[in-house]
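In what follows, a single structure is set out as structure tokens and then discussed.
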Amino acid sequence: MRSPTRRIALDLGALALIVFGLPWLTGPIGALITPPPANTEEAPAPTASDSTAPDSTPPAPDSAPLDEAPLDPPPGERAPLDHGDLFDAPPAPDAAPAARGDALGDDDLFGDGDPGPTSPDAPAESGDPLGDALFADPEPAPPSAPERTPARAQPDPTPDHPAPAGPDPLTLSRATLGSLLVGLLTAVVATLLGGLLGLISGYRGGLVERVAVRWFADGLDALPQFVVLVTAVALYRDLAGTEGDALLLAVGVLIGAVNSTQVLLVVHHQTRLIAARKYVIAARLMGWSALRVVRRKIVPHLRHELIIPFTQLVVWGLFVETALSYLGFGPSSTGSTLGAQLHRIDPFARPADLAPALVMCLLTVALAAALRDLGDAIEARLGEPEPPTTDAP
Amino acid sequence: MTATPPTVRVTGLSVAFDTPAGRRTVLDGLDLTVRPGECLAIVGPNGAGKTVLTNALLGRYNRAPGVHLGGHIQICGEDLLTLSPRALRRLRARHLAAIFQDFSHTLNPIRSIGGQLRQMQTLAGLAADPRTPLARVNFPVDSVGDRPHQLSQGMKQRALVALALANRPRLVIADEVTSALDVINQQVVFELITGERRQRPEMAVVFVCHDTRLVRQYADRVVVIDHGRVVEDGDPQRVTPAMGLRAVAAEQTADDDAPTLLDARGISKRFRAPFRRPRLVLRGLDLRIRHREHTALIGASGSGKTTLANLVTGVLPIDPREADTLTFDGASLIGLHRPDHPLRHRIQMVFQDPDAAIGSIDPRLTVEQVILEPRLAREPGAEEAGRRWVHQKLAAFGLADLADRRAAHLSGGQRQRVEILRAFHGLRPDRPTLMVADEPTSMLDPAFVGEVVDIFAALADEYDVTYLFITHSLELMRALCHRVAVMFDGELVEQAPVDRLTLDPLHPYARLLLRAGREQREADGDPELRRFTLPDTATGCPARAWCRSRTATCDAHRPRLQRFGDREVACHHPPRPRRTP
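Protein chains in written order, with my numbering: chain W, 1 to 393; chain H, 1 to 581.
Shown next, in the form of structure tokens:
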């Protein structure tokens with residue numbers, strides 16, 4: 001693990017695995033964390049068991065099939081594989097076999113070689129109070145779930161996306177990428193905007209400094225970020241009349257703008273420090289213009305100071321967007337980000353419904369690690385040279 | 001051997017650090033003994049491991065990550081390297097004292113001096129009595145309750161020494177404490193430590209120092225370290241005395257009717273900061289430099305020398321209301337901080353260069369690029385000619401094989417020479433120019449000072465340049481300058497030809513400075529030196545706190561510069577100048 005290139009490669013590999021692989025695994029993982037039914041040794045389909053409310057009738061195992069029922073009447077192919085509904089009907093035909101295969105393979109892992117015949121019976125036998133307590137309202141859940149979920153599903157009622165109950169791997173994967181995009185957009189916008197203002201205010205000082213730092217940064221920081229964002233997104237949506245994916249970019253830019261103050265303050269402070277260094281003063285005495293001094297003598301020494309804020313901003317952008325979308329203030333309608341997926345699923349009936357959240361957590365960790373290593377490598381390449389070998393550390 | 005065990009016994013000490021480039025051994029089997037009451041000087045070239053040794057003696061590498069220790073250190077009978085953190089703290093509190101290089105940040109700004117002393121004494125298990133240690137360093141007893149910001153520079157220094165000695169240490173470790181101080185303040189620190197040693201003869205002192213004069217004067221024994229080992233151990237008197245720089249300026253003495261190059265009259269500078277009283281750093285100073293008359297600007301730390309240099313070179317903007325006259329070769333210097341000022345390429349500055357990362361050499365560029373840059377700024381497109389100049393100069397000054405290195409891979413002396421070339425390449429060769437050099441030698445090993453002086457002398461022959469040296473080094477002043485201006489408390493207090501001032505200083509501060517630069521002292525130390533402090537009020541003579549010939553006039557009026565033949569002095573009672581030989 002000495003070479004930074006290898007470490008970054010590993011990080012990025014892990015990240016790719018999470019973005020593209022994890023969605024396929026959430027079902028089995030969800031199954032894993034769910035306690036098996038109390039009275040069956042064979043634990044046929046654990047995911048189905050917990051989502052079944054104690055008072056639900058045996059033929060209605062689970063909210064998802066209920067939702068599906070009106071839209072997708074012939075369940076013949078799906079019927080034997082009950083937990084297949086974790087992954088729902090895949091939108092692309094070629095994804096279907098993969099999902100099925102995965103589910104089947106994992107099912108074998110749970111000790112049940114032949115899930116087909118056992119699973120329909122399983123719900124009837126299982127009644128798991130713990131699972132209920134965790135994942136469903138004991139009293140109103142079973143009756144209300146079928147009513148609520150179709151309401152959520154309304155934006156997407158095509159037969160290809162028959163039910164929004166559990167996100168299928170591809171949707172989840174796409175949503176992960178959407179979230180990642182918003183995070184990166186946030187970081188880029190914040191870094192550019194904050195960096196520019198920070199450079200100007202740090203180098204010029206005086207009135208510009210007061211306006212940028214005192215009024216813009218301190219002023220914006222004094223307002224509750226979330227309220228500002230909700231207002232801004234709502235305003236933008238109404239004024240521009242955009243919805244869904246188009247809103248995705250706007251939300252990223254807005255989060256970036258609101259969070260640019262962090263970068264601004266860091267850059268401002270660092271610029272002031274670097275501007276006092278002797279080589280910058282020497283460059284001024286050479287007769288360089290301010291723009292040239294900043295571009296050639298300050299920015300190159302500042303770049304590595306931005307790495308940590310940048311990584312934090314990616315993650316923060318992701319978080320804020322998820323929260324916004326979950327509450328319905330983002331590109332919630334198309335489900336193009338993780339938060340939007342959560343928004344669609346909202347009454348979390350089964351552990352697998354939390355898959356987007358799980359992806360979100362792991363994505364955050366992996367992203368932070370990957371970006372930090374990347375930053376280290378960048379820093380090693382273009383940061384300050386190592387201290388002189390003649391001096392003691 | 002006597003029965004008393006040594007205060008420090010280091011056997012086979014090795015220290016290695018993990019660096020990105022692999023393990024680097026700094027100390028390699030070093031042996032050292034310090035007996036009680038001994039004053040040991042550690043000298044050696046840059047990078048020899050002196051600072052690492054002092055850090056190891058203080059236990060700063062114990063359990064430090066990435067540091068590999070070997071051998072033994074016995075201090076006051078304890079095996080330092082194996083002590084538990086708790087025992088180490090105890091040892092430090094009771095028996096060790098460290099005086100650090102960075103004087104200004106060592107005092108706790110939110111506690112009174114007395115409180116800090118009391119804390120030290122309590123930790124050391126002594127009765128809390130802040131007055132005794134303060135009295136020993138001539139600290140006024142009624143300032144015991146003051147916090148550091150209320151004290152003048154000299155008082156802070158005293159408080160620091162008192163603080164270091166408050167736990168009645170058996171070992172004092174001082175790492176380069178004086179290299180950032182002017183001659184007088186260096187002497188003050190050592191006088192204070194010596195005073196304490198007289199009181200407690202068992203106290204041992206270990207100090208790292210570049211200055212051979214201080215080593216000869218204060219050390220009982222000197223140890224030379226190189227490549228992590230002791231290479232010499234002996235009598236300080238055998239250390240080569242302060243280098244004899246050849247007086248390169250002597251032959252080109254400026255004549256009196258040379259035209260005035262820099263004319264500064266009534267220069268003030270006020271620094272304003274929120275919630276503070278504006279600080280008047282320059283108080284209506286007058287300075288005239290004639291063409292080709294190299295001038296040294298000497299003076300106490302904090303007397304405004306660097307501020308003056310920054311105004312003259314355009315680092316700081318000049319407020320026209322704070323300068324009666326400020327011209328260079330007949331043209332006004334106001335607005336020089338803007339990049340397109342017509343005098344831009346006629347006034348340059350050589351920076352003091354203590355640090356590879358934030359010094360005046362851009363750490364990202366190679367030596368060649370660094371020296372080429374100012375030429376391209378002055379003459380865009382002169383790349384070919386500039387490169388030729390760079391390589392010719394690098395070859396001429398023994399730097400030929402460094403063209404592709406970066407600042408981090410240069411020694412201090414090399415860096416300083418590169419810095420001088422860089423500054424010169426920004427000067428126009430065809431017009432009279434001014435080069436301001438801010439302490440160009442203060443951070444260098446004495447061995448490198450000669451090289452730097454040579455390069456200044458050679459370039460002075462080639463360019464039509466006049467130097468203004470800001471320096472603490474009397475040797476540099478004697479070697480390169482014709483005239484000397486002494487600054488004190490934001491004013492010029494004396495101005496004279498170099499040889500006149502060195503023979504016969506008139507102002508009390510100049511007298512003190514010259515006396516401190518000499519090696520011989522009166523047996524009992526120097527009472528004026530021990531009372532020396534920077535003034536804290538604007539009224540009266542700034543030197544009156546320690547001047548021998550203080551009178552009521554000195555308390556009431558600030559003296560102005562008066563002429564005495566070819567020299568000027570600001571004193572109410574100047575001694576009669578000796579006849580010009």
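Glycine included, C-beta positions come from ideal geometry on N, C-alpha and C.
Straight-line gap, residue 249/W to residue 226/W (C-alpha atoms, nearest Å):
Within the first sequence, the letter at position 249 stands for residue 249/W. Within the first sequence, the letter at position 226 stands for residue 226/W. Distance between the alpha carbons of residue 249/W and residue 226/W: 17 Å.
Between the alpha carbons of residue 251/W and residue 266/W, how many angstroms are there, rounded?
Position 251 of the first sequence, counted from the first residue, corresponds to residue 251/W. Position 266 of the first sequence, counted from the first residue, corresponds to residue 266/W. Those two C-alpha atoms are separated by around 24 Å.
Using only the alpha-carbon positions, how far apart do residue 269/W and residue 205/W sit?
Locating residue 269/W in the first sequence gives position 269, counting from the first residue. Locating residue 205/W in the first sequence gives position 205, counting from the first residue. The straight-line gap from Cα to Cα measures roughly 11 Å.
Could you list which residues in chain W have their beta carbon closer than 7 Å to that of residue 360/H, in chain order?
Taking the second sequence and counting its residues from 1, one reaches residue 360/H at position 360. For residue 360/H, the residues of chain W that pass the 7 Å Cβ criterion are 278, 279 and 282, in the order they occur in the chain.
My understanding is that residue 550/H touches residue 544/H, with C-beta atoms under 8 Å, so please give their C-beta distance in whole angstroms.
Here residue 550/H refers to the residue found at position 550 of the second sequence. Here residue 544/H refers to the residue found at position 544 of the second sequence. Right, the Cβ-Cβ distance comes to about 5 Å (below 8 Å), so this counts as a contact.
Residue 83/W, buried or exposed, once every other Cβ within 10 Å from all chains shown has been counted against 16:
Translated into the one-based positions of the first sequence, residue 83/W becomes position 83. In this predicted model, residue 83/W has a pLDDT of only 41, less than 50, meaning its place in the structure is not dependable; the value taken from the coordinates is given anyway. Label assigned to residue 83/W: buried.
Contact list for residue 288/W against chain H, beta-carbon separation under 8 Å
What you label residue 288/W is simply residue 288 of the first sequence in a count that begins at 1. The contact set of residue 288/W on chain H, defined by CB atoms closer than 8 Å, consists of 339 and 377 in chain order.
Would you list the residues sitting across from residue 13/H in a DSSP beta bridge?
For this step, residue 13/H is matched to residue 13 along the second sequence. Looking at the DSSP assignment, residue 13/H forms a beta bridge with 30/H.
Would you mind telling me which residues of chain W sit closer than 7 Å to residue 573/H, beta carbon to beta carbon, in chain order?
Numbered from its first residue, the second sequence carries residue 573/H at position 573. Near residue 573/H there are no residues of chain W at all, since even the closest Cβ is about 41 Å away, more than 7 Å.
Please list the residues of the segment 371-396 of chain H that have a C-beta atom closer than 8 Å to any C-beta atom in chain W, keeping them in chain order.
Within the segment 371-396 of chain H, the qualifying residues are 373, 374, 377 and 378.
Could you have a look at residue 72/H and say whether DSSP puts it in helix, strand or coil?
Taking the first residue of the second sequence as 1, we reach residue 72/H at position 72. Strand at residue 72/H.
Return the Cβ separation of residue 72/H and residue 12/H in integer angstroms, given the expectation that the two are a contact with Cβ distance under 8 Å.
Position 72 of the second sequence, counting from 1, holds the residue named residue 72/H. Position 12 of the second sequence, counting from 1, holds the residue named residue 12/H. Between residue 12/H and residue 72/H the Cβ distance is about 7 Å, and since that is below 8 Å, they are a contact.
Proximal chain W residues relative to residue 105/H, where beta-carbon distance stays under 7 Å
What you label residue 105/H is simply residue 105 of the second sequence in a count that begins at 1. The contacting residues do not exist; residue 105/H stays about 16 Å from chain W at best.
Residue 573/H versus residue 156/H: straight-line alpha-carbon distance, rounded:
For the purposes of this step, residue 573/H is taken as residue 573 along the second sequence, with counting starting at 1. For the purposes of this step, residue 156/H is taken as residue 156 along the second sequence, with counting starting at 1. Residue 573/H and residue 156/H: Cα-Cα distance of roughly 29 Å.
Tell me, please, whether the segment 355-367 of chain W touches the segment 279-293 of chain W by the rule of three or more beta-carbon pairs shorter than 8 Å.
Flag = no, the segment 355-367 of chain W and the segment 279-293 of chain W do not touch.
Within 10 angstroms of its Cβ, does residue 301/W collect 16 or more other Cβ (buried), or is it exposed?
Within the first sequence, the letter at position 301 stands for residue 301/W. Around the Cβ of residue 301/W, a 10 Å sphere holds 16 or more other Cβ atoms; the residue is buried.
Do residue 236/H and residue 224/H have their CB atoms nearer than 8 Å?
Stepping through the second sequence from its first residue, residue 236/H is reached at position 236. Stepping through the second sequence from its first residue, residue 224/H is reached at position 224. Contact: no.
Bridge partners - residue 99/H, DSSP secondary structure assignment
Stepping through the second sequence from its first residue, residue 99/H is reached at position 99. Its beta-bridge partners are 174/H.
Going by beta-carbon coordinates alone, are residue 655/H and residue 577/H separated by less than 8 Å?
Nothing in the structure corresponds to residue 655/H, since chain H is present only between 1 and 581.
Residue from 69/H, 20/H and 442/H whose Cα sits closest to the Cα of residue 412/H:
As a working mapping, residue 412/H is identified with position 412 in the second sequence. Per the Cα distances, 442/H.
Compute the Euclidean distance between the alpha carbons of residue 586/H and residue 134/H, then round it to the nearest angstrom.
Only positions 1 to 581 of chain H appear in this structure, which leaves residue 586/H out of reach.
Which two residues bound the contiguous beta strand (DSSP E) that contains residue 299/H?
Residue numbering aside, residue 299/H sits at position 299 when the second sequence is read from its first letter. Taken as a continuous stretch (DSSP letters only), the beta strand (DSSP E) holding residue 299/H covers 295-299.
If you measure from the beta carbon of residue 207/W to each beta carbon in chain H, is any gap under 8 Å?
Counting from one through the first sequence, the residue named residue 207/W turns up at place 207. For residue 207/W, the nearest beta carbon of chain H is not closer than 8 Å to its own beta carbon.
Would you report the Cα separation of residue 482/H and residue 297/H, rounded to the nearest angstrom?
Sequence index remark: in the second sequence, residue 482/H carries index 482 (1-based). Sequence index remark: in the second sequence, residue 297/H carries index 297 (1-based). In this structure, the straight-line span from the alpha carbon of residue 482/H to that of residue 297/H is close to 11 Å.
Cutoff 8 Å: residue 331/W Cβ touching any chain H Cβ
Your numbering for residue 331/W matches position 331 in the first sequence. At a cut-off of 8 Å between beta carbons, residue 331/W makes no contact with chain H.
Taking residue 314/H as the query, report the chain W residues whose CB atoms sit under 7 Å from its CB, ordered along the chain.
The residue you call residue 314/H lines up with position 314 of the second sequence. Within chain W, the residues near residue 314/H are 285.
Measure the C-alpha to C-alpha separation of residue 472/H and residue 160/H and round it to an integer number of angstroms.
Numbered from 1 along the second sequence, position 472 holds the residue referred to as residue 472/H. Numbered from 1 along the second sequence, position 160 holds the residue referred to as residue 160/H. Residue 472/H and residue 160/H: Cα-Cα distance of roughly 22 Å.
Stretch pair the segment 161-169 of chain H + the segment 186-199 of chain H: three plus CB contacts closer than 8 Å
At 8 Å Cβ cutoff, the stretches touch.
For a contact meaning CB atoms closer than 7 Å, what does residue 345/H contact in chain W?
Counting from 1 along the second sequence, the entry for residue 345/H is found at position 345. Those within 7 Å of residue 345/H in chain W are 287.
Coarse secondary structure for residue 7/H, derived from DSSP in three states
Position 7 of the second sequence holds residue 7/H. It is coil, neither helix nor strand.
DSSP on residue 64/H, reduced to helix/strand/coil?
On the second sequence, residue 64/H is found 64 positions in, with the first residue counted as 1. Judged by DSSP in its simplified three-state form, residue 64/H adopts coil rather than helix or strand.
Min CB distance residue 377/W to chain H below 8 Å:
What you label residue 377/W is simply residue 377 of the first sequence in a count that begins at 1. With 8 Å as the cut-off, residue 377/W does not count as an interface residue toward chain H.
Identify, in the order they occur along the chain, each residue of the same chain with its Cβ nearer than 7 Å to the Cβ of residue 245/W, setting aside the five sequence neighbours on each side.
In the first sequence, the residue the question calls residue 245/W occupies position 245. Excluding residues within five positions, the ones whose Cβ falls inside 7 Å are 331, 334 and 336.
In chain H, which residues lie with their C-beta within 8 Å of the C-beta of residue 300/W?
As a working note, residue 300/W is residue 300 in the first sequence. Near residue 300/W (Cβ distances below 8 Å), the residues of chain H are 364.
Anything in chain W within Cβ reach of residue 426/H, meaning under 9 Å, just list it in chain order.
Residue 426/H sits at position 426 when you count from the first residue of the second sequence. Per Cβ cutoff of 9 Å: 282, 285, 286 and 287.
DSSP has residue 350/H in a bridge; who is on the other side?
As a working mapping, residue 350/H is identified with position 350 in the second sequence. Its beta-bridge partners are 437/H.
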